[in-house]
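These notes concern the structure reproduced below.
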């Protein structure tokens with residue numbers, strides 16, 4: 160089979176992966192149908208969904224590729240802002256590290272469907288040879304990540320060429336970017352297999368649950384990386400540059416041996432004139448080793464994809480049930496537990512549960528710069544935490560997927576469903592006030608408001624979640640872009656619900672300078688919001 | 003056909019002039035249905051005849067365009083929760099939460115239905131053993147076959163011992179043993195005084211388990227009654243339900259023509 164033919168045919172399994180992942184979201188895109196019926200829409204929507212799947216995927220890939228280009232270019236900003244040559248090694252290292260993280264994060268979400276969806280089944284019934292079949296599967300895999308990988312490689316190579324004007328440096332950067340993509344994809348494929356394997360194995364093993372938790376936490380750490388990225392050009396790059404190019408410490412040498420810092424050092428050395436030869440040699444040897452490792456990783460990727468095409472994805476291990484007992488709960492708790500299980504087992508929504516961890520880290524970072532726990536910092540921190548918490552209701556609606564069709568047949572009101580999702584979102588936020596109480600033991604609070612405000616905001620989060628979900632259920636949207644706009648609209652309403660009591664506190668404090676009175680005003684505002692929330696819920 | 007045991011006079015499912023339109027498409031027209039306690043009513047029709055629309059409207063998943071209905075004395079538009087608590091429903095394509103295991107899923111359903119734990123566990127144990135679920139009870143539903151998913155949906159439809167069963171092609175994908183078990187369960191439901199509305203396009207199923215059959219075609223019930231009554235309507239005293247059905251839907255001549263055309267097309271080609 161010609162390569163061009165195989166490339167054309169790979170569109171079918173790739174389309175299947177894309178369709179399946181988008182079909183999962185159908186429930187959320189037309190959630191409004193829960194409360195009301197729209198005659199004739201269901202059939203039309205199915206047709207539209209099928210037609211649009213590939214177009215949506217292309218748009219998604221393009222957006223992610225642009226984002227990847229931006230983040231890969233971010234570390235080079237310091238080179239444009241300050242001394243161009245001095246920061247080259249660390250800029251390259253960090254650019255590779257960040258691109259590695261994002262490529263992996265995105266690839267995990269795409270590849271989970273790839274290893275699970277048995278996308279090649281459609282073609283497996285046709286008279287196609289085994290090798291051709293493997294080639295088609297490999298191409299369909301490449302289609303999932305092509306834009307993003309090409310985008311980041313191009314941006315890194317172009318920026319290096321521009322900053323160094325050295326063909327050798329540019330060529331090494333090309334090699335290093337390619338290695339980076341191979342490593343990111345290999346790790347993502349491995350994680351996807353582990354996660355899917357863990358999920359599909361089933362059973363009630365505690366180890367499985369712990370492994371799933373580790374996997375989710377890993378995503379959370381990647382998201383923390385996004386926050387760190389903003390401080391890369393100003394704080395991290397200059398310090399790292401000094402470390403990479405210092406001769407003395409053994410830790411610096413180890414850093415040079417570590418990927419992607421070795422790549423940064425080697426490329427930097429082609430431009431710097433005063434880098435000691437031993438340093439270049441250390442980094443070059445490390446790079447050769449990583450190249451060999453990348454070759455092995457590539458072989459493993461190809462082998463794994465071939466196995467997927469032959470064996471139909473992840474091997475399922477059945478665990479024999481020892482009994483058939485179930486534990487019943489009150490309906491509300493039953494729904495919350497269901498939501499927890501469903502959302503934590505969906506790679507696209509699982510990481511929302513690590514948001515509390517991120518919230519706490521951000522607050523700790525914000526407060527570490529001050530001697531006391533200031534009320535103003537607490538207001539900012541709780542607001543940021545609130546935004547994170549408000550993402551969860553939408554994620555929980557997404558996680559419903561097609562299961563929603565079944566829920567509609569059960570004797571449960573949409574009011575109770577909304578309440579369960581609002582409670583879950585609020586519960587994730589509770590870590591913020593608790594973390595602040597803990598921090599107040601280490602850093603004295605400037606006033607008692609600093610500790611009480613987050614608890615009041617918890618009530619605002621509950622109201623915001625109720626209003627957000629209720630508004631969401633009342634609307635029906637078609638298409639991915641409209642769905643995103645719809646999400647954002649509801650999110651903005653939620654954000655305002657948190658912002659109003661904070662503004663009420665700030666306004667009354669600036670007018671009266673009385674903290675107790677300001678707290679009372681804030682408490683009154685959140686209670687009014689709660690009443691509004693319950694009124695909206697009852698309607 | 004089975005003989006049902008009627009224990010009350012009020013119908014458990016009653017519809018009058020029930021019509022459902024999807025835009026300009028009329029999926030259901032003027033459906034008048036009365037299913038009595040102890041009765042197994044078969045809704046028989048070809049693909050796209052309106053069986054699923056009828057069942058979804060009765061369950062309250064679709065709002066009727068016109069007409070009214072009562073389920074165990076309740077109106078789905080006014081008392082949706084009461085109606086749903088009385089119904090056990092199995093869809094044509096078992097749509098359940100794929101990432102949950104059958105255990106997780108049944109736990110969720112039992113919690114929402116506010117069921118007694120001990121009683122529920124006993125019911126689940128009986129049904130799970132009957133359907134040979136041991137190997138699959140803790141596996142994610144996504145990894146199960148269509149038949150296994152259908153079994154999970156069937157167990158979920160029985161755990162609250164509903165008054166009414168709404169089965170939409172519920173035997174799809176089931177093996178012979180499970181299929182037989184479902185037929186028995188449906189029959190027990192009728193013997194207990196419950197009602198069953200069973201949609202199918204398989205004549206043999208309708209012929210064996212239903213007390214009364216409604217033939218639905220292009221959204222309209224064109225004939226209703228026992229097999230004997232349906233035979234009478236087609237002017238004969240014998241013939242299988244399939245023959246009766248084709249006569250009622252006026253498809254007999256069309257099927258004969260199609261069969262003739264296919265016979266000529268296939269017999270002319272040699273097997274390679």
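Protein chains in written order, with my numbering: chain P, 160 to 698; chain Y, 3 to 274. From the three backbone atoms N, C-alpha and C, an ideal C-beta is built for every residue, glycine too.
Evaluate contact between the segment 184 to 192 of chain Y and the segment 108 to 125 of chain Y, counting only Cβ atoms and requiring at least three cross-stretch pairs below 8 Å.
Under the Cβ criterion (8 Å, minimum of three pairs), the segment 184 to 192 of chain Y does not count as touching the segment 108 to 125 of chain Y.
| field | Opposing strand residues paired with residue 254 of chain Y [DSSP bridges] | value | Residue 254 of chain Y pairs with nothing; no bridge assigned.
Original post:
residue 208 of chain Y CB to nearest chain P CB: under 7 Å?
Top reply: no
*Relative to chain Y, which residues along the segment 492 to 509 of chain P have a C-beta separation below 8 Å, given in chain order?*
Against chain Y - using a Cβ distance shorter than 8 Å - the residues of the segment 492 to 509 of chain P are 492, 493, 494, 496, 497, 500, 501, 504 and 505.
Inset, instruction - Just the chain P side, please: which residues come within less than 8 Å of residue 123 of chain Y by C-beta, in chain order? - result: By Cβ distance, chain P contributes 483, 484 and 485.
Original post:
Looking at the C-beta of residue 98 of chain Y, does it have a partner C-beta in chain P at a distance below 7 Å?
Top reply: Yes, contact with chain P.
Which residues in the same chain have their Cβ closer than 7 Å to the Cβ of residue 59 of chain Y, if we skip the five residues on either side of it in sequence?
20, 22, 30 and 66
**Q.** Short CB-CB distance (under 7 Å) between residue 369 of chain P and chain Y
**A.** False, the Cβ-Cβ gap to chain Y never drops below 7 Å.
Discussion item. If I measure Cβ to Cβ from residue 247 of chain Y and keep anything under 7 Å in the same chain, skipping five residues before and after, which residues do I get?
Written reply: 46, 205 and 217
Just to confirm the assignment, what range does the beta strand (DSSP E) spanning residue 235 of chain P have? Note, residue 235 of chain P: premise wrong, no beta strand (DSSP E); not H, not E.
Does chain Y have any CB closer than 7 Å to the CB of residue 477 of chain P?
yes
- Rounded straight-line distance, which links the Cα of residue 199 of chain Y to that of residue 214 of chain Y: Each residue's alpha carbon lies about 10 Å from the other.
Using only the alpha-carbon positions, how far apart do residue 264 of chain Y and residue 146 of chain Y sit?
36 Å
Would you tell me roughly how many angstroms separate the C-alpha atoms of residue 546 of chain P and residue 605 of chain P, rounded to the nearest one?
25 Å
Point to revise | Cross-chain neighbours of residue 571 of chain P in chain Y, by beta carbon under 7 Å | key: 114
Practice item. Using a Cβ-Cβ cut-off of less than 7 Å, give me the residues of the segment 77 to 99 of chain Y that come near chain B, in sequence order. Key: You won't find chain B in this structure, because its protein chains are P and Y.
Legend entry - Residue(s) in a DSSP beta bridge with residue 229 of chain P: DSSP lists no partner for residue 229 of chain P.
### Query
Which full runs of the alpha helix (DSSP H) of 4+ residues lie inside the segment 271 to 345 of chain P, going along the chain?
Whole alpha helix (DSSP H) segments, 4+ residues: 280 to 283 and 289 to 323.
Q. Is residue 57 of chain Y near residue 140 of chain Y, with beta carbons less than 7 Å apart?
A. no
Query - Whole alpha helix (DSSP H) elements within the segment 12 to 82 of chain Y, 4-residue minimum - result: You should have 53 to 61.
So what does residue 91 of chain Y bridge to, in DSSP terms? Y/168
message = Do residue 61 of chain Y and residue 168 of chain Y count as a contact pair if the criterion is CB distance below 7 Å?
response = yes
Discussion item. Which residues of the segment 118 to 143 of chain Y have a Cβ closer than 8 Å to any Cβ of chain P? Give them in chain order.
Written reply: 118, 119, 122, 123, 126, 127, 130, 131, 135, 136, 137, 138, 139, 140, 141 and 142
Q) With burial defined as no fewer than 16 other Cβ atoms inside 10 Å of the residue's Cβ, what is the status of residue 219 of chain Y: buried or exposed? A) By the 10 Å Cβ count, residue 219 of chain Y comes out buried.
Could you pull out every residue in the same chain whose Cβ sits closer than 6 Å to the Cβ of residue 157 of chain Y, ignoring the five residues on either side in sequence? 129
Could you tell me the distance, in whole angstroms, from the CA atom of residue 629 of chain P to the CA atom of residue 109 of chain Y?
-> 26 Å
Here's a check: name, in chain order, each residue in its chain whose Cβ is nearer than 6 Å to the Cβ of residue 764 of chain P, leaving out the five neighbours to either side. As shown, chain P starts at 160 and ends at 698. That puts residue 764 of chain P outside it, with no answer to give.
>> Can you tell me whether residue 148 of chain Y is buried or exposed? The criterion is at least 16 other CB atoms within 10 Å of its CB, across all chains shown.
In response: exposed
* So what does DSSP say about residue 241 of chain Y, is it helix, strand or coil? -> coil
Requested in this report: Indicate the three-state DSSP secondary structure (helix, strand or coil) for residue 222 of chain Y in the structure shown.
Outcome: strand
| said: Counting beta carbon pairs with one atom in the segment 77 to 97 of chain Y and one in the segment 488 to 498 of chain P, are three or more of them shorter than 8 Å? | reply: no
* Whole-number beta carbon distance between residue 656 of chain P and residue 609 of chain P, since they are thought to touch under 8 Å -> That pair is no contact at about 22 Å.
inquiry  = Going by DSSP in three states, residue 198 of chain Y sits in which element: helix, strand or coil?
reply    = Residue state, collapsed to three classes: strand.
Review point. Which of helix, strand or coil does DSSP assign to residue 4 of chain Y?
Key: The predicted position of residue 4 of chain Y is uncertain, since its pLDDT is 47 and thus under 50; a value taken from the coordinates is nonetheless stated next. Note: residue 4 of chain Y maps to coil in three-state DSSP.
Quiz prompt | is_contact[residue 286 of chain P, chain Y] using C-beta, thresh 7 Å | solution = no
Please classify residue 561 of chain P: does DSSP put it in a helix, a strand, or coil?
When DSSP states are grouped into helix, strand and coil, residue 561 of chain P belongs to the helix group.
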